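Trainee: Structure provided below as structure tokens; questions to follow.
Protein chains: 2
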Amino acid sequence: MSSNVTLKHIAEALGVSAMTVSRALNDRDNVDEKTKQRVREKAQSMGYTPNRVAKSLVSRKTHTLGVVIPEITHAFFPEVVRGIEEVAYKSDYQLFLTNANELFSREKEAIETLRSQRVDGLLISSSLTREDYSFYESIIEGGAKVVFFDRCIENIGASCVSVNDRESSKKITEHLIKEHGYTKIAHLSGPQKVSIGKERLFGYKDALNAHNLTINEKWILQAGFKEETGYEAMITLLERGGDNHPEAVVAVNDPTAIGAIKAIKEYGLTIPEDIAIVGFTDDIRSSLLDVPLTTVHQPAYQMGEEAAKKLISFIEEDDGTVEKIEIPTSLKIRSSCGC
Amino acid sequence: MSSNVTLKHIAEALGVSAMTVSRALNDRDNVDEKTKQRVREKAQSMGYTPNRVAKSLVSRKTHTLGVVIPEITHAFFPEVVRGIEEVAYKSDYQLFLTNANELFSREKEAIETLRSQRVDGLLISSSLTREDYSFYESIIEGGAKVVFFDRCIENIGASCVSVNDRESSKKITEHLIKEHGYTKIAHLSGPQKVSIGKERLFGYKDALNAHNLTINEKWILQAGFKEETGYEAMITLLERGGDNHPEAVVAVNDPTAIGAIKAIKEYGLTIPEDIAIVGFTDDIRSSLLDVPLTTVHQPAYQMGEEAAKKLISFIEEDDGTVEKIEIPTSLKIRSSCGC
DNA sequence: ACTACTTATGTTAACGATAACATTGCTGAT
DNA sequence: ATCAGCAATGTTATCGTTAACATAAGTAGT
């Protein structure tokens, strides 16, 4: 597409040099007011659109940000993207959105393409499922400006915006222990090679330890981050346990909890009487469930805003101070925990 | 950011010309296999990333698509974007995502920026709230490759992917008439200058006409597309009508219906006994409501796929045939209608 | 041994915009 | 009348890549 009209065309049409047209359209000094007027009119009538590609080549700035998210269906991410978009819009940045679909290979590919596009910076929520951070190290080494959000990779020289996953997870687990007296608590965990998967498991263990409950490794199941994986993990737990099922379940996020709830119902058990359950995210659906889900509220929009602000200040003020920005969470006590 | 390493740097390091390096990295013929090997290794070790900006300037192709959506929070759109993303990914296109926030001014600005970025094509769901299509006409005239989705602007030479809004709206309204015998049916309509707002109102009227029910203009309220605006419109309707409220409500979309439901409940009325209600979209929340919402299911993912496919074929095969692609809908009968 | 190819590589120009420097032509101070 | 000073405009080179044309060196055929 593109209008094909260039500065040169306007210049020829008016019998001036391309430079004069450039100056006039950028409203520089040292251009006759009448010339400016003529140029502007001609540009308008010829349907001129400045070519940012050419401008970027000269300025080595594209005024674009690359955004990499692991899932676009989990409502949390679109909400983060909205926060990012709002901040980017105000600072006149355009967004390249890429969805890695929980695949590190695809994430890596996306990041390479984005670097090739010469985005001014990257906002990444990692799908990493192995412990080799060398890819990130090399791009940061190579001068890429990166801010992680939600799922962070730490100690590699990049800032990160997230909630305190460990503490929040501990708090909601403690709620089950202190308010309801449950002692048999299972955890549907996320992949252990993604920060939030690990942190939330730590939080769960912290809570059990703090109350002298023994940690039963059999009650800790890898459940992924999705509804289907949550469903499957819960089925496994129920089948395996027989009658000796846990009294309560801490799910790594709300989609997982929603999947697990489905499994519990299919088993003819009721929530919270037979099994209590809590999540993490505060998905838009969570308050609407038959038994509204007790969960940790994560301010997604704000997370997006903060991440974008940090990245833009990194770009524009060249302020590369590595920060770990923590967004406060709050417990949403509803009834799935027994309250 | 960017790696700063250019072809020239590699060329100097190896004592060859930049052209040889370019040829080697693009795996062209007529380059010595040993040279290719040396170049590839050097490029790797120097952390070279090809500069797509420069490439685009020469080729006049950016391999990017601009996506303009009116709302990012309404779950329907992220799902459409996922469909778009999937198709774009397979054809190696990157996505510029912009959110117009239901403001035409912002949409216009976004489109201008995207054209300036020289995207190869545009996918637009319009926020247009006036009848002046000249802006679209001029960009299409200027050679922009555009495919509309969901909210279309017709007869201006661009393809469009959407559902049959009028017919679907008629069907769901007819369900209320034929299955439940309601005669007093209100409509919370969308803005009349957005295609879907108008079409869905037409469908509602078609249904009433087909069954010889009189159309009461007082029962047609502009309710926007959002939960809040749906809430407000419903309040207006309830306050105005006193006891003489409608038996059923057809909402322009699910968020509007959800807002209206809140208002109905606040008035102490029950659904569907006092007032039945139906929506349009099939939002993820709709099946989870206390009284699950009867609605029209719109295959969002598929809509995104179709739109992206059409646009990419337009770009790559230069196939500008204007098409109106209709995605079939289905009625989701739940209990809010009285079933 | 000389032309006729082929293979591998180099050089130049172009994409569109603009920074940096160069050139006009004018005003006004001496 | 002369020249400094400035306003308005023009020219050249550059960003990184690649198409198109040019050249060098080697091989084969006669």
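One line per chain: the protein sequences are A and B, in this order. For the first sequence, the numbering used here assigns the number 1 to the initial residue and increments by one for each residue that follows. For the second sequence, the numbering used here assigns the number 340 to the initial residue and increments by one for each residue that follows. Cβ atoms here follow ideal geometry from the backbone N, Cα and C, with glycine treated the same way. Note that the structure is a prediction, hence the values are computed from the model and not measured.
So what does residue 426 of chain B bridge to, in DSSP terms?
Mentor: Looking at the DSSP output, residue 426 of chain B bridges to nothing.
Trainee: Cα separation between residue 330 of chain A and residue 323 of chain A?
Mentor: 22 Å
Trainee: For residue 312 of chain A and residue 93 of chain A, which I take to be in contact (beta-carbon distance under 8 Å), what is that distance rounded to the nearest angstrom?
Mentor: That belief holds up - the Cβ atoms of residue 312 of chain A and residue 93 of chain A are roughly 7 Å apart, short of 8 Å.
Trainee: By DSSP's criteria, residue 96 of chain A is part of a beta bridge. Which residues make up the other side?
Mentor: A:66 and B:435
Trainee: Which word fits residue 658 of chain B, buried or exposed, when buried means at least 16 other C-beta atoms lie within 10 angstroms of its C-beta?
Mentor: exposed
Trainee: Can you list the residues of chain A that residue 392 of chain B reaches, using a CB-CB cut of under 8 Å?
Mentor: 53, 56, 57, 62, 117 and 118
Trainee: Under 7 Å, do residue 150 of chain A and residue 125 of chain A count as touching if we go by C-beta distance?
Mentor: yes
Trainee: Does the Cβ of residue 121 of chain A have 16 or more other Cβ atoms within 10 Å, making it buried, or fewer, making it exposed?
Mentor: buried
Trainee: Where are the beta strand (DSSP E) runs, 3 residues long or more, that stay fully inside the region 108-187 of chain A, in chain order?
Mentor: 121-124, 146-149 and 159-163
Trainee: Just the Cα atoms here: how many angstroms apart are residue 346 of chain B and residue 360 of chain B?
Mentor: 6 Å
Trainee: So, helix, strand or coil for residue 560 of chain B, using DSSP?
Mentor: strand
Trainee: Taking residue 669 of chain B as part of the beta strand (DSSP E), name the residues at either end of that continuous run.
Mentor: Membership of residue 669 of chain B in the beta strand (DSSP E) is indicated by the continuous run 669-671.
Trainee: Would you kindly check if the distance between the Cβ of residue 280 of chain A and the Cβ of residue 296 of chain A is under 7 Å?
Mentor: yes
Trainee: Sort B:516, B:606, B:555 and B:397 by Cα distance to residue 578 of chain B and report the nearest one.
Mentor: B:606
Trainee: Pick helix, strand or coil for residue 663 of chain B, following the three-state DSSP scheme.
Mentor: strand
Trainee: Count the other CB atoms within 10 Å of the CB of residue 440 of chain B; is the residue buried (16 or more) or exposed (fewer)?
Mentor: buried
Trainee: Taking the beta carbon of residue 339 of chain A as the centre, do at least 16 other beta carbons fall within 10 Å, making it buried, or is it exposed?
Mentor: exposed
Trainee: Applying a beta-carbon distance threshold of less than 8 Å, which residues of chain B neighbour residue 85 of chain A?
Mentor: 411, 436, 437 and 438
Trainee: From residue 637 of chain B to residue 405 of chain B, what distance separates their C-alpha atoms?
Mentor: 23 Å
Trainee: Expressed to the nearest angstrom, what Euclidean distance is found between the alpha-carbon atoms of residue 416 of chain B and residue 438 of chain B?
Mentor: As the crow flies, the alpha-carbon of residue 416 of chain B is around 10 Å from that of residue 438 of chain B.
Trainee: Assign residue 549 of chain B to buried or exposed, taking buried as 16 or more other Cβ atoms, counted over all protein chains shown, within 10 Å of its Cβ.
Mentor: exposed
Trainee: Give me the DSSP bridge partner(s) of residue 249 of chain A.
Mentor: Residue 249 of chain A pairs with A:186 and A:277.
Trainee: I'd like to know if residue 25 of chain A contacts chain B, where contact means its C-beta is closer than 7 Å to some C-beta of that chain.
Mentor: Closer than 7 Å: no.
Trainee: I'd like to know whether the C-beta atoms of residue 616 of chain B and residue 602 of chain B end up nearer to each other than 7 Å.
Mentor: no
Trainee: Can you find a CB in chain A that lies within less than 7 Å of the CB of residue 417 of chain B?
Mentor: yes
Trainee: I think residue 201 of chain A touches residue 187 of chain A, with their Cβ atoms under 8 Å apart; what is that distance to the nearest whole Å?
Mentor: 6 Å
Trainee: Buried or exposed: which applies to residue 554 of chain B, given that a residue is buried once 16 or more other Cβ atoms fall within 10 Å of its Cβ?
Mentor: exposed
Trainee: Measure from the C-beta of residue 50 of chain A to each C-beta in chain B and report whether the shortest distance is under 7 Å.
Mentor: yes
Trainee: Which one of B:442, B:382 and B:506 has the shortest CA to CA distance from residue 564 of chain B?
Mentor: Closest by C-alpha distance to residue 564 of chain B, out of B:442, B:382 and B:506, is B:442.
Trainee: Answer with buried or exposed for residue 598 of chain B, where buried requires no fewer than 16 other C-beta atoms within 10 angstroms of its C-beta.
Mentor: buried
Trainee: Residue 285 of chain A touches chain B at which residues, Cβ-Cβ below 9 Å?
Mentor: 623, 624 and 627
Trainee: If you draw a straight line from the alpha carbon of residue 270 of chain A to that of residue 633 of chain B, how long is it in whole angstroms?
Mentor: For residue 270 of chain A and residue 633 of chain B, the distance between alpha carbons rounds to 26 Å.
Trainee: Might you give, ordered along the chain, the residues of its own chain that have their beta carbon closer than 6 Å to the beta carbon of residue 56 of chain A, omitting 5 neighbours on each side?
Mentor: 62
Trainee: Using the beta-carbon count (16 or more within 10 Å), is residue 328 of chain A buried or exposed?
Mentor: exposed
Trainee: Given a cut-off of 7 Å on the beta-carbon distance, is the pair residue 50 of chain A and residue 455 of chain B in contact?
Mentor: yes
Trainee: Any beta-carbon of chain B closer than 7 Å to the one on residue 142 of chain A?
Mentor: At least one chain B Cβ lies under 7 Å of residue 142 of chain A.
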